[in-house]
Amino acid sequence: MQVTRVATGMVDPVSIARVPGEDTLLIAERGGRVLRYNGATRALSEDTYVRDNRRPGEVLAVSYGFEGSVYQEGIYLVTHSAADGLTVQAFNPKRSVTGFVTLGGAWSAPTTVSMIPTGSIFIAVGSPAESDAQDASKPYGKLIELPFIDPFAGTSVPPSDRINFRPQTVGDGIRRPGGFSYGNASIFLSDRGGSREHEMTIFQPNWRPLDFGWPFYEGSLETRANPPAAVNGPTLVYPFGSGTRQGEGIVAGVLNDYRFLPALGDTYIFADINGTIFSVHQLRLNDGFRHTTNVFETKTEDFVPDAGRIDGPVGFALGYGTDHFFILDRDGELFRVSQRPG
Numbered sequence: 562m563q564v565t566r567v568a569t570g571m572v573d574p575v576s577i578a579r580v581p582g583e584d585t586l587l588i589a590e591r592g593g594r595v596l597r598y599n600g601a602t603r604a605l606s607e608d609t610y611v612r613d614n615r616r617p618g619e620v621l622a623v624s625y626g627f628e629g630s631v632y633q634e635g636i637y638l639v640t641h642s643a644a645d646g647l648t649v650q651a652f653n654p655k656r657s658v659t660g661f662v663t664l665g666g667a668w669s670a671p672t673t674v675s676m677i678p679t680g681s682i683f684i685a686v687g688s689p690a691e692s693d694a695q696d697a698s699k700p701y702g703k704l705i706e707l708p709f710i711d712p713f714a715g716t717s718v719p720p721s722d723r724i725n726f727r728p729q730t731v732g733d734g735i736r737r738p739g740g741f742s743y744g745n746a747s748i749f750l751s752d753r754g755g756s757r758e759h760e761m762t763i764f765q766p767n768w769r770p771l772d773f774g775w776p777f778y779e780g781s782l783e784t785r786a787n788p789p790a791a792v793n794g795p796t797l798v799y800p801f802g803s804g805t806r807q808g809e810g811i812v813a814g815v816l817n818d819y820r821f822l823p824a825l826g827d828t829y830i831f832a833d834i835n836g837t838i839f840s841v842h843q844l845r846l847n848d849g850f851r852h853t854t855n856v857f858e859t860k861t862e863d864f865v866p867d868a869g870r871i872d873g874p875v876g877f878a879l880g881y882g883t884d885h886f887f888i889l890d891r892d893g894e895l896f897r898v899s900q901r902p903g
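Sequential numbering of the sequence shown, starting at 562, is according to our numbering.
Below is the structure:
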């Protein structure tokens with residue numbers, strides 16, 4: 562297995578996403594830039610259409626969604642500013658159209674946001690205050706869906722001079738999301754604990770209701786009396802801390818097929834923001850039991866790159882094709898993980 566540093570120079574990167582059908586990654590910097598990474602040339606360049614049309618604000622997450630839809634396809638950002646609050650912004654450079662919606666007011670303290678496209682786009686928003694996560698009037702601590710809009714299912718066709726999306730809150734009880742993964746028709750949501758446990762919860766896109774438990778649970782541990790009657794419990798948990806197989810914050814990863822990277826087998830690869838890389842066999846994800854570090858393998862030594870160091874993972878992204886994936890590090894380095902040099 563080869564781990565190769567393929568790009569440097571990003572400033573405070575917060576999110577990474579793949580553009581479907583292209584050898585292109587989108588990398589968002591907290592300060593506002595959205596960069597395109599060309600996998601063939603290894604060149605980084607700023608997306609000038611996003612730059613010229615973006616409303617000011619801190620960028621929290623990036624995704625690319627609704628490929629092929631005239632009404633919805635584009636680059637999606639979740640941003641925050643004191644003036645606009647928490648917002649979704651969307652951009653389609655090819656069609657020169659944008660979209661914008663406010664999810665809610667300004668936060669009481671910074672938090673994290675994660676996005677994933679699955680046909681819809683799902684957005685996990687952290688809760689700056691414990692009370693936010695179960696408060697239906699606030700977007701914080703919620704799972705928000707931007708569903709696919711069928712132009713033939715309504716009484717009128719959506720306008721084509723903008724990007725259309727209609728946010729719906731479909732879940733609550735999220736503390737501090739650390740990214741999504743998708744595989745086997747299921748969504749994997751990682752959520753970071755504050756003092757007890759980090760967790761990974763697996764659910765299907767159409768499941769309702771969805772309640773991930775915070776602030777009544779942190780991981781598998783009850784933290785407050787009288788929790789909701791129905792909580793979507795985690796599949797993977799591990800302790801908060803600085804010891805062996807402990808961590809500061811979970812980072813969602815990728816499902817690996819042994820034919821993809823034989824050295825890693827049929828495993829789920831994920832990380833902690835402290836630089837630890839974990840794996841767990843995929844069978845553990847579907848056996849109906851909650852698992853912790855006794856079934857984890859620490860793979861950090863297998864991910865030593867040819868240059869630089871993976872010491873603060875931000876996110877993972879699948880590559881173009883079937884033989885590599887990427888890890889984005891918080892100090893502005895991008896690493897390519899493959900079976901062979903490339």
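All C-beta atoms, glycine included, are put in the ideal place defined by N, C-alpha and C.
Around residue 605, the same chain offers 568, 596 and 598 as residues with beta carbons nearer than 6 Å, after the five sequence neighbours per side are excluded. Here residue 813 carries a strand assignment [DSSP, helix/strand/coil]. Residue 753 is not bridged by DSSP to any residue. Counting along the chain, no alpha helix (DSSP H) covers residue 897; the unbroken beta strand (DSSP E) around it starts and ends at 895-899.
With a contact defined as Cβ atoms closer than 8 Å, residue 627 and residue 634 qualify at about 5 Å. For residue 762, DSSP records a beta bridge to 750. Rounded to the nearest angstrom, the gap between the Cα atoms of residue 630 and residue 644 is 31 Å.
With contacts defined by Cβ atoms closer than 8 Å, residue 659 and residue 652 form a contacting pair. For residue 859, the pairing in a beta bridge is given by DSSP as 839. Here DSSP, grouped into helix, strand and coil, assigns residue 614 to helix. In this structure, residue 676 sits near residue 639, with a CB-CB distance shorter than 8 Å.
No Cβ-Cβ contact shorter than 8 Å links residue 602 with residue 897.
The residues 564, in chain order, have a CB closer than 7 Å to that of residue 865 in the same chain once the five nearest residues on each side in sequence are set aside. Annotation: residue 869 to residue 891 spans about 12 Å, alpha carbon to alpha carbon.
Checking the DSSP bridge columns, you'll see residue 878 partnered with 887.
Rounded to the nearest whole angstrom, the C-alpha separation of residue 768 and residue 793 is 10 Å. CA-CA distance, residue 899 to residue 697, rounds to 44 Å.
Inter-residue distance for residue 609 and residue 593 is about 12 Å (C-alpha atoms, whole angstroms). Within the region 675-758, complete beta strand (DSSP E) segments of at least 3 residues are found at 682-686, 704-707, 729-733, 738-744 and 747-752, given in chain order. Here residue 806 is actually not in contact with residue 850; their C-beta atoms are around 18 Å apart, not less than 8 Å. Separation of residue 836 and residue 873 (C-alpha to C-alpha, rounded to the nearest whole angstrom) is 5 Å. Beyond the five residues adjoining it in sequence on each side, residue 875 comes within less than 6 Å, by CB distance, of 574, 889 and 891 in the same chain, given in chain order. Note that the region 714-724 does not touch the region 664-674; fewer than 3 beta-carbon pairs, one per stretch, sit closer than 8 Å. Non-local C-beta neighbours of residue 562 in its own chain, meaning closer than 8 Å and more than five positions away in sequence, comprise 822, 824, 825, 863, 898, 899 and 900, ordered along the chain. The beta carbon of residue 797 lies closer than 6 Å to those of 761 and 852 in the same chain, with the five residues before and after it left out. The C-beta distance from residue 690 to residue 674 rounds to 16 Å, too long to meet the 8 Å contact threshold. Residue environment analysis places residue 613 among the exposed positions, since fewer than 16 neighbouring C-beta atoms fall within 10 angstroms of its C-beta. DSSP links residue 589 through a beta bridge to 576 and 595. Judged by their CB atoms, residue 682 and residue 637 are nearer to each other than the 8 Å cut-off.
Between residue 727 and residue 753, the CB-CB gap reaches or exceeds 8 Å.
For a cut-off of 8 Å, the C-beta gap from residue 861 to residue 838 is around 5 Å, short enough to register as a contact. Counting every other CB atom within 10 Å of its CB across the protein chains shown gives residue 742 a total of 16 or more, marking it as buried. Residue 709 places its beta carbon 8 Å or farther from that of residue 734.
For residue 640, DSSP records a beta bridge to 620 and 648. Ranked by how close their Cα comes to the Cα of residue 813, the residues 650, 671, 576 and 700 have 576 in first place. Per DSSP, the unbroken beta strand (DSSP E) holding residue 800 starts and ends at 797-800.
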